Amino acid sequence: MSKRPLVFVVMDGIGLSSNLVGNAVAAAYKPHLDKFMKEAPMTQLKAHGLAVGLPSDDDMGNSEVGHNALGCGQIYAQGAKLVNQSIESGDIFTSQTWGELVDFSKNSTMHFIGLLSDGNVHSHITHLKALIVQAKLDGIKNVRVHALLDGRDVPQKSGLTYIEDIEAFMAELNDSDFNARIASGGGRMKVTMDRYEAEWGMVEIGWKTHIRGIGRQFSSAKEAIETQRAETDVTDQFLEAFVIAEEGEPVGKIVDGDAVILFNFRGDRALELSRAFEEDNFTKFDRVFRPKVMFAGMLQYDGDLQIPNKFLVVPPRIKNTMSEYLVEKGVKQYAISETQKFGHVTYFWNGNRTEKFDDKLETFVEVTSDIIPYEQRPWMKSAEITDLLIAAIEKGEHDFYRVNFPNGDMVGHTGNFLATQIGVESVDLAIGRIKTAVDKVNGILVLTADHGNADEMFEKSKDPNATPKPKTAHTLNPVPFIILNADVQFKEGNFGLANVASTLVELMGYQPSPIWEESLLTK
205 MSKRPLVFVV MDGIGLSSNL VGNAVAAAYK PHLDKFMKEA PMTQLKAHGL
255 AVGLPSDDDM GNSEVGHNAL GCGQIYAQGA KLVNQSIESG DIFTSQTWGE
305 LVDFSKNSTM HFIGLLSDGN VHSHITHLKA LIVQAKLDGI KNVRVHALLD
355 GRDVPQKSGL TYIEDIEAFM AELNDSDFNA RIASGGGRMK VTMDRYEAEW
405 GMVEIGWKTH IRGIGRQFSS AKEAIETQRA ETDVTDQFLE AFVIAEEGEP
455 VGKIVDGDAV ILFNFRGDRA LELSRAFEED NFTKFDRVFR PKVMFAGMLQ
505 YDGDLQIPNK FLVVPPRIKN TMSEYLVEKG VKQYAISETQ KFGHVTYFWN
555 GNRTEKFDDK LETFVEVTSD IIPYEQRPWM KSAEITDLLI AAIEKGEHDF
605 YRVNFPNGDM VGHTGNFLAT QIGVESVDLA IGRIKTAVDK VNGILVLTAD
655 HGNADEMFEK SKDPNATPKP KTAHTLNPVP FIILNADVQF KEGNFGLANV
705 ASTLVELMGY QPSPIWEESL LTK
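Residue numbers (the numbering used here): 205 to 727.
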């Protein structure tokens, strides 16, 4: 094929489902996307489970593994699968880091901070259990858990299930020589788990809660959850911070000589807390007190910046990415999104690499996200992103453009059906504008998604008369893959996101790397 500019659009969280109930994608007024899906070459791609390197096809995909697969054309063992393998083999507990953590905290406390659920996107409760068991076997006397509640990758009000599970588990382990208990917690969208530096205030709240023991006190995590629900009917992800205390004294402040393990395996919402623990010249908020601890992550969340310095499981070393390939060919690339997904079209796309492969050939543009609940601004920054992208396309200085519109995912996570519908419509308006710009430069436009979300907004219920409950997690549905302005045909078969890289470079007139998954196009 002749070399023409290629614009690649990731409609984050917009999957395909034949079920119209709770389907904000189907309900949305989206004349452009409907027209493209009807008239242009289109296929469906698998965006979850084994297709993106996760342990099984029961595991929902996410934006991180999705963009890894899109950007490298290969399937790497990811997140939970990596940790599962390390725990099963015992490698995690024979690592130098684990040994150092044990030696450091044998006479003090080992703390575990992380998302307490089995959502398998950021963490898994079984990983935490394995760590606690091994801590006892290795002679640790005191363990404290700082539990962040989910309600996003799992049902909205399932938090008590996980709290009761881990407390019963620790109670069975506790004896005269070992004491494990929950020390603090809060909802993941209120406490600790900010990402892309969108709201450092969340991390500051977490610092005060987990480290300093400052916050509203309760006798147990169960009491904290039940009290807040009674007061405001809050869902788990928005629970305010809480501290477990006895006679007014927190049971698990983090002090000098303690070890701290952040047991989340996904990097985007783990980087900021890691920096708060490790950076000497930290300026994002006043830590007041920085304990002399040994800190480690489940994984190294940023290999280039070496954050954190110590980690338990070696992350996938992703090589031979599409960006590397295009740089070798001298292809100029342009990547853009707003803050919430900027890292996905840069860091994750480039194989978990912060730095560019070539400063002259790669242009990264970040549009600052609003710090406001997304259901209140479901259009997010779609217009601003589109303005900048169209200006770049018309300027014509790049050969490959990639963009992420976060609306279907970020608004979908709120559980608000109407807002998510508007979010999808905002993306449709954007791609209509982009199509016009691409036509003017005789370019090729490719549309896809990294996983589903907006396509399934209600929890499935066996009771047909039950009131639908909002679903805030990703889906297991396939995603569209549409090619516009090119006369192509798709192969028959079952394909996934890792097949995209070969397809894109082929559309650009190059021969795909032989180590990538095959192209979707017939010859």
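Where a beta carbon is used, it is the ideal one built from N, C-alpha and C, also for glycine. Note that the structure is a prediction, hence the values are computed from the model and not measured.
Exercise for review: Measure the beta-carbon distance from V269 to V287 and round it to whole angstroms, keeping in mind my assumption that it falls under 8 Å.
Suggested key: Their Cβ separation, rounded to whole angstroms, is 13 Å, which puts V269 and V287 out of contact at 8 Å.
Requested in this report: State the start and end residues of the unbroken beta strand (DSSP E) segment that holds E566.
Outcome: 566-571
Report the CB separation of G501 from F515 in whole angstroms; it is logged as a contact under 8 Å. 5 Å
Check your understanding: Looking at the structure shown, is P235 part of a helix, part of a strand, or coil, going by DSSP?
Key -> When DSSP states are grouped into helix, strand and coil, P235 belongs to the helix group.
Apart from the five residues just before and just after N272, which ones in its own chain have a Cβ nearer than 6 Å to its Cβ?
Counting only Cβ-Cβ distances below 6 Å, and skipping sequence neighbours, we find F552.
Backbone CA spacing between I626 and G471 [nearest angstrom]:
29 Å
Distance, Cα to Cα, I511 vs V407?
16 Å
Through-space distance from L254 to M374, alpha-carbon basis = 32 Å
key: Simplified DSSP state of M205, which is helix, strand or coil   = Any reading at M205 must be qualified, since the residue scores a pLDDT of 45, below 50, and its modelled position is unreliable; the value itself is stated next. In the structure shown, M205 sits in coil (DSSP, three-state: anything other than H, G, I, E or B).
- If you count every other CB in all the chains shown that lies within 10 Å of the CB of G219, and 16 or more means buried, which is it? buried
Q.
So for F422, helix, strand or coil by DSSP?
A. Note: F422 maps to strand in three-state DSSP.
Where does I575 land, buried or exposed, given buried means 16+ other C-beta within 10 angstroms? exposed
(message) K457 and R416 - do their beta-carbons sit closer together than 8 Å?
(response) yes
**Request:** May I ask you to list the residues that DSSP assigns as paired with A449?
**Result:** P454
inquiry  = Tell me the rounded alpha-carbon separation between H350 and L319.
reply    = 9 Å
| Apart from the five residues on each side of it in sequence, which residues of its chain come closer than 8 Å, Cβ to Cβ, to P672? | Excluding positions up to five away in sequence, the list reads V225, G226, F662, E663, S665.
**Q.** Reference N689; option with closest CA among I648, P668, F446
**A.** I648
query: Taking all protein chains shown into account, do 16 or more other C-beta atoms lie within 10 angstroms of the C-beta of R521, making it buried, or fewer, making it exposed?
result: exposed
Do T301 and N346 come within 8 Å of each other at the CB atom, strictly closer than that value?
no
| request: May I have the straight-line CA-CA distance separating G363 from P577, to the nearest angstrom? | output: 21 Å
- Query: With which residues is P674 paired in a DSSP beta bridge?
  - Reply: F662
| query | Given a threshold of 16 other Cβ atoms within 10 Å of its Cβ, counted over all protein chains shown, does A677 qualify as buried or as exposed? | reply | Counting of Cβ neighbours within 10 angstroms places A677 among the buried residues, the total reaching 16 or more.
_alpha helix (DSSP H) segment containing M614, residue limits_ = 611-614
Q. Between which two residues does the beta strand (DSSP E) carrying Y529 extend?
A. Per DSSP, Y529 belongs to no beta strand (DSSP E); it is in the alpha helix (DSSP H), 526-532.
> Given W404, which residues of its chain have a CB within under 8 Å of its CB, disregarding the five upstream and five downstream residues?
Replying inline: D398, E476, K488, F489
message: Please give the ranges of any alpha helix (DSSP H) in the segment 463-538, keeping only runs that are unbroken, at least 4 residues long and fully inside the region.
response: 475-482, 526-532
- Query: Tell me, which residues are paired with P684 by DSSP?
  - Reply: Q248
Item to complete: Assign D632 to one of two classes, buried (16 or more other C-beta atoms within 10 Å of its C-beta) or exposed (fewer than that).
Response: buried
Count the other C-beta atoms from every protein chain shown that fall within 10 angstroms of the C-beta of A434, then say buried if there are 16 or more, exposed otherwise.
exposed
Q. Is L341 buried or exposed, if buried means 16 or more other CB atoms sit within 10 Å of its CB?
A. exposed
Quiz item: Does the separation of the CB atoms of Q432 and G619 fall below 8 Å?
Solution: no
Tell me, to the nearest whole angstrom, how far the beta carbon of T624 is from that of A228; I am working on the premise that it is less than 8 Å.
4 Å
Hey, would you say N608 sits closer than 8 Å to V214, going by beta carbons? Taking a C-beta distance under 8 Å as the contact criterion, N608 and V214 qualify as a contact pair.
Quiz item: Does DSSP classify L220 as helix, strand or coil?
Solution: coil
Task: Distance CB(G217)-CB(A539) smaller than 8 Å - done: no
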